[in-house]
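Take 2 as the starting number for the sequence shown in the numbering used here and just add one per residue.
Single-structure report; data block below.
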Amino acid sequence: MRIHWWKSIRWHLALGSVCIVLIATLLLAITALLAVRYNYVNEQQTHLDAFANEKAQSLGTDYAYALSRRNRSGSSSSSTTTPATNTPSVTEQKNAWQTALTRVMSTTNIQQQNDQQGLSIYILDTSEHLLYPVVMARNVDQTIVRFSATDTPNADRQKLLVALQAALKKGKETNGVFGRRLPRDTTAPFCVQPIFFDGQYAAQAKPIGVLVATMQNSSGISFISTVGDAVLWATLVIVLLTAIIAIVFARTITRPLTKLTQASHVLASGDYSAQVSTDAPGELGDLARSFNDMATQLKSDVDEFRRQEIWRRELIMNITHDLATPLTAIAGLGEALVDGIGQSREDYEATGRIIMNETLRLRRLVQDLHVMARVEGGALEPKKKLFRLAPLVDQAFATMITEFERHRVEPINEIPYNLPLILADPDMLMRVFANLCSNALQHTPVEGSISVRAVLQTSEVVISVVDTGEGIPEDALSRVFERFYRADNARQSTTGGSGLGLAIVKAIIDAHGGRIWAENNPAGGACISFSLPITEREENAITKAPTAPLISEGVF
């Protein structure tokens, strides 16, 4: 199934990284701009307050100085002062204000500072008449607010009137801002500073005027706008670089995942040989290796399941055949007895022997199936004990002597009597020799022989059953121990084999920790060999005494 690009994990990682970086950059930029603006406004307000305070003191000092000079120069004349009082006249006050304003506010430095910083200074007397600058204005508060260029004139006028009243009546300094910050910043700082006589504040002193200083915020807005533009471009560059890095980084994750997805699709289609080839480090590499191990194990399990299925089919087919043959014979012979065919004693004996042989054949088949069921269930556990191998082989030959005589084949026991004692399950080894000899009898011609040999090696005893028959086909050597496998010349019903004999032998040898293999003799015939491990204790258990019967040794 094809995945749209916007659903791909690569783009999810890239877009997620870009969003995170964008949000983080914007938060950082907003924090930086707010910090810059806060510091700038505070510095601007502090500068404005200091400037207003300095000019107010200078104006108060120069006003007092000008008034005192005029009093000294006109002390002989009574026309310029009010009799019997020290209160200056209106004319003297105006003249003193003009002198102070001329000395303080008319310097080139003040004009340059006003032009550079957008600073505006207004000086009012106690009657709230505008003394500086000299303009024709009916309402002073409107003039000041209009210069501030804010978009909230009514609110700003109210602030200014309150500040003027506080300065003239209470001698209180007031500072603040005109305008508003949102949605567009139009604020302008202002300071209302009372002017005291001789520039000195006293507890009962009344102000002689008010200085209003305000500053247009265009320079601050321009500075913050410049910083904002720089931050915007830097944000775009950072986002672009982040997107490129995120896409490249995402490929290191998505490429192994894509290979894993493709391999899983191949696996889902039924091809269990799918493998992922990637050199990705870390967890992705571990995931790829785990997937390969899983695919390998799954392939092994599926192959085993298929083999089991083949074995199951062969089991049904072979069991049907092996059961049908003796049952057909028994049924036919039984029918003949019922019909009274062949009434002589010899005929009865011959029929009875055939029925007995077919019954024994059925019993061997059932026993083989029982043993294989134990093997499949893991219940085949040897009961090991020490015993000599040569007497056990003699006993196996003795139990099968009738079969050897019927096939006219000679059994030969070539195991030396000084062989070390064997630690194994004697009953199971009896079954091994019985099955191997039965299999060899099916392929050994008349006047042939079946020999059992043993060779002591370093840590094991190798036992071989050798016949003088036609041997095993080369393509069957590796399969003779498979369940229900028979060579073509052994599939005839006359052999009576179930196809389980050698498989049972292999299971018993495996349970003893040994190994088994089949080969052909160079001189002719087949040789099936198996090994049994021995310990140091078994190697030291060699005796020179004659071999006693098995019963006397407590084996059975």
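A virtual CB, placed ideally from N, CA and C, is assigned to each residue, including glycine.
From a predicted model like this one, the values you see are computed outputs, not experimental measurements.
Within its own chain, the residues whose Cβ lies closer than 6 Å to the Cβ of Gln-276, once the five positions on either side in sequence are excluded, are Asn-293, listed in chain order. Around the Cβ of Tyr-349, a 10 Å sphere holds fewer than 16 other Cβ atoms; the residue is exposed. Annotated three-state conformation of Ser-291 is helix, per DSSP. Contact check for Leu-422 and Val-506: beta-carbon distance about 22 Å, past the 8 Å limit, so the pair fails to qualify.
Beta-bridge pairing by DSSP links Tyr-66 to no other residue. Contact between Ile-239 and Gly-61 does not hold, since their C-beta atoms are separated by about 55 Å, which reaches or exceeds 8 Å. Under the Cβ criterion (8 Å, minimum of three pairs), the stretch 48 to 60 counts as touching the stretch 188 to 202. When DSSP states are grouped into helix, strand and coil, Gly-502 belongs to the helix group. Below 8 Å, enough C-beta pairs join the stretch 503 to 520 and the stretch 367 to 383 to call them touching: three or more.
Distance from the Cα of Glu-471 is smallest, within the candidate group Phe-531, Gln-94, Met-216, Asn-522, for Asn-522. Secondary structure of Met-401 (DSSP, three-state): coil.
Bridge pairing for Thr-175: Val-193 [DSSP].
The stretch 444 to 454 and the stretch 402 to 421 touch, with no fewer than 3 CB-CB distances between them shorter than 8 Å. The residues Val-481, Phe-482, in chain order, have a CB closer than 6 Å to that of Leu-503 in the same chain once the five nearest residues on each side in sequence are set aside. Looking at the DSSP output, Gly-210 sits in a beta bridge with Asp-126, Ile-196. Between Glu-359 and Ile-331, the C-beta spacing is below 8 Å. Assigned with DSSP and collapsed to three states, Asn-96 falls in helix.
Ranked by Cα distance from Val-456, the options Leu-420, Glu-44, Glu-174 are led by Leu-420.
DSSP, reduced to helix, strand and coil, places Val-303 within a helical segment of the structure shown.
When DSSP reads this structure, Val-433 sits in no beta bridge, so it has no partner.
At the C-beta level, Leu-430 and Leu-370 stay beyond 8 Å of one another. Taking a cut-off of 8 Å for Cβ pairs, the stretch 276 to 291 and the stretch 255 to 268 touch, as three or more such pairs fall below it. Residue burial annotation: Gly-353 is exposed, with fewer than 16 other C-beta atoms found within 10 angstroms of its C-beta. Look at Tyr-486 here: in three-state DSSP terms it is coil, with no helix or strand label. Looking at the DSSP output, Arg-454 shares a beta bridge with Ser-465. Distance between Glu-475 and Arg-516, taken at the CA atoms: about 20 Å. The way I'd put it, the stretch 23 to 38 doesn't touch the stretch 160 to 178; fewer than three beta-carbon pairs between them come closer than 8 Å. Short of 6 Å from the beta carbon of Trp-98, and not among the five residues preceding or following it, lie these beta carbons of its own chain, in chain order: Leu-132. With distances taken between CA atoms, Cys-528 lies nearest to His-444 out of His-444, Leu-16, Ser-69. Annotation: the continuous beta strand (DSSP E) that includes Tyr-133 extends over 131 to 133. Under DSSP, Ser-532 shares a beta bridge with Val-463. By the neighbour-count criterion, in which 16 or more other beta carbons inside 10 Å mark a residue as buried, Val-339 falls on the exposed side.
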